[in-house]
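Taking it in order: structure first as structure tokens, then the write-up.
In my numbering, the protein residues as written are 231 to 695.
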């Protein structure tokens, strides 16, 4: 009598659970900071034309409305304060600033595990925005966003592998006092995640108290300055070509306090920037070059992210088109300009104009997120959770976006071509020596986890399962 053959234990559910367990970093198919520049929407000649146009705009038109402190910093650096009040930037000043700017920026995490190295073609995805509403998926409507919603978004982000940083994605509308809102925004984010955080301040008077809080969280001012884990998202310009006076004052305080700065130029194509994609990029580049000069005039080598965020506009209605093909091109073109200057940069991807997490939201978010990643954009902001052209944020979409970005990152990783991956000997073995398929081959099993991204929320089963 034959013994019963051994049976596999655990069943399909156990095997699924095993495959769903977190992977060791060494075999993860995607990770933060992978490099790519496979997509080039601008030729080298195009890049030079945009660069020269931006320098011409800075030298001949300049920027208005700098605060007196900014005038002092910029003129000491070599900018020209004209009788019309505008600050103009000689070409040599801009080029010298770019040559000496900080090119190797680390955005620190609190735990030391999620530090982001910004340089070259390294790609990272995260949140951003100032949504005033939350998407209520079950009720299919919108409600005011709260500080609890912000804290929840931070907690969710902390658990998602493909959301690499948390820049404040919404406004805490249940806190009417601006000072309390700014301080509670910092606290809600820091208490929810150890990943790098981005925030903004509605008034420069609020910065000092925020630093007091951050020093306490870090364990002291010296510890904070060694590893600043919060950066300042700063709309230092009001397009077209005007400094935002109070934001510039905030920026100066943040630089002096050791906080990295995101230089954010967010014009609307056809409204506050030229309607052409090239023209919108020219203005955004010019404004951020002016910001780079400003930052380095305050403190040479201070960490600053080149934040060209031109947005698309539906010229028929005046509505923003964050989920459009034009938006994807704007961000991809900006990524190439960042690499041309050799400075860490950021732009937007993943914005949806859809009001709910539906099919429209999926195609819009995937288009711009993939194009941004393939362009080698260092920091892809707004990458998950944003609806209604930045008016609404959705926790469910943040989670869905983690899956979507996983696939975008797989595109960023690209195709490795070497003797092993060409698999000639494997083809020989399967065709000449084995049953004629690759399912049980050692390479197939070895590559199952290291080469393929498996969605945690996406459905791939057959219709009958």
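Even for Gly, the Cβ is constructed at its ideal location relative to N, Cα and C. Note that the structure is predicted; figures quoted are calculated from it, not measured.
* Asked: Considering only residues of the same chain and omitting the five flanking positions on each side of residue 533, which have a CB-CB separation below 6 angstroms?
  -> As a first step, residue 533 is located in the chain shown; it is residue number 303 there, counting from the start. Excluding residues within five positions, the ones whose Cβ falls inside 6 angstroms are 332, 335 and 490.
* Is residue 398 closer than 8 angstroms to residue 380 when the C-beta atoms are compared? -> One-based indexing of the chain shown puts residue 380 at position 150. One-based indexing of the chain shown puts residue 398 at position 168. Going by C-beta atoms, residue 380 is nearer than 8 angstroms to residue 398.
* Give the secondary structure of residue 537 by DSSP, where H, G and I count as helix, E and B as strand, and everything else as coil. => If you number the chain shown from 1, residue 537 lands on position 307. Note: residue 537 maps to strand in three-state DSSP.
* Asked: What first and last residue would you give for the alpha helix (DSSP H) that runs through residue 716?
  -> Because the chain is modelled from 231 through 695, residue 716 falls outside the range shown and cannot be assessed.
* To do: State the Cα-Cα distance for the pair residue 562 and residue 575, rounded to the nearest angstrom.
  => To locate residue 562, count along the chain shown from 1; it is residue 332. To locate residue 575, count along the chain shown from 1; it is residue 345. Taking the straight line joining both Cα atoms gives about 11 angstroms.
* residue 630 and residue 268: beta carbons closer than 8 angstroms? -> Walking along the chain shown from the start, residue 630 turns up at place 400. Walking along the chain shown from the start, residue 268 turns up at place 38. Cβ distance not < 8 angstroms, so residue 630 and residue 268 don't count as in contact.
* Asked: Taking Cβ positions, are residue 540 and residue 499 nearer each other than 8 angstroms?
  -> Residue mapping note: residue 540 aligns to position 310 of the chain shown, counting from 1. Residue mapping note: residue 499 aligns to position 269 of the chain shown, counting from 1. Yes, these two residues count as a Cβ contact at 8 angstroms.
* Count the C-beta pairs between the segment 580-587 and the segment 599-618 that are closer than 8 angstroms, then say yes if the count reaches three, no if not. => yes
* Where do the ends of the beta strand (DSSP E) carrying residue 463 lie? -> Position 233 of the chain shown holds residue 463. Counting along the chain, the beta strand (DSSP E) containing residue 463 begins and ends at 460-464.
* With 16 other Cβ atoms within 10 Å as the buried cut-off, status of residue 266 -> Within the chain shown, the letter at position 36 stands for residue 266. With 16 or more Cβ atoms within 10 Å of its Cβ, residue 266 is classed as buried.
* To do: Alpha carbon to alpha carbon, how far is residue 402 from residue 686? Give it in angstroms, no decimals.
  => Counting from 1 along the chain shown, the entry for residue 686 is found at position 456. Counting from 1 along the chain shown, the entry for residue 402 is found at position 172. The straight-line gap from Cα to Cα measures roughly 30 angstroms.
* **residue 446 versus residue 322 - alpha carbon distance** => One-based indexing of the chain shown puts residue 446 at position 216. One-based indexing of the chain shown puts residue 322 at position 92. The straight-line gap from Cα to Cα measures roughly 42 angstroms.
* Nearest to residue 171 by CA position, among 572, 464, 681 and 484, is which residue? -> Given a span of 231 to 695 for the chain in the structure shown, any question on residue 171 remains unanswerable.
* Using 10 angstroms around the beta-carbon of residue 682, count the other beta-carbons present and answer buried if the total reaches 16, otherwise exposed. => Along the chain shown, read from residue 1 onward, the residue named residue 682 stands at position 452. Residue 682 is exposed by the Cβ-count criterion.
* Asked: Do residue 560 and residue 511 have their C-beta atoms within less than 8 angstroms of each other?
  -> As a position in the chain shown, residue 560 is number 330, starting the count at 1. As a position in the chain shown, residue 511 is number 281, starting the count at 1. Against a cut-off of 8 angstroms, the Cβ pair of residue 511 and residue 560 comes out as a contact.
* Using the C-alpha atoms, what's the distance from residue 632 back to residue 654? -> Within the chain shown, numbered from 1, the residue matching residue 654 stands at position 424. Within the chain shown, numbered from 1, the residue matching residue 632 stands at position 402. Their backbone Cα atoms lie some 35 angstroms apart in a straight line.
* Tell me, please, whether the segment 365-385 touches the segment 438-456 by the rule of three or more beta-carbon pairs shorter than 8 angstroms. => no
* Does the Cβ-Cβ distance between residue 493 and residue 427 come in under 8 angstroms? -> In the chain shown, counting from the first residue as 1, residue 493 sits at position 263. In the chain shown, counting from the first residue as 1, residue 427 sits at position 197. No.
* Asked: Closest by CA to residue 290, which one among 275, 471 and 430?
  -> Stepping through the chain shown from its first residue, residue 290 is reached at position 60. That would be 471, whose Cα lies nearest to the Cα of residue 290.
* For the segment 462-534, list the beta strand (DSSP E) runs that are entirely contained and at least 3 residues long, ordered along the chain. => 491-495
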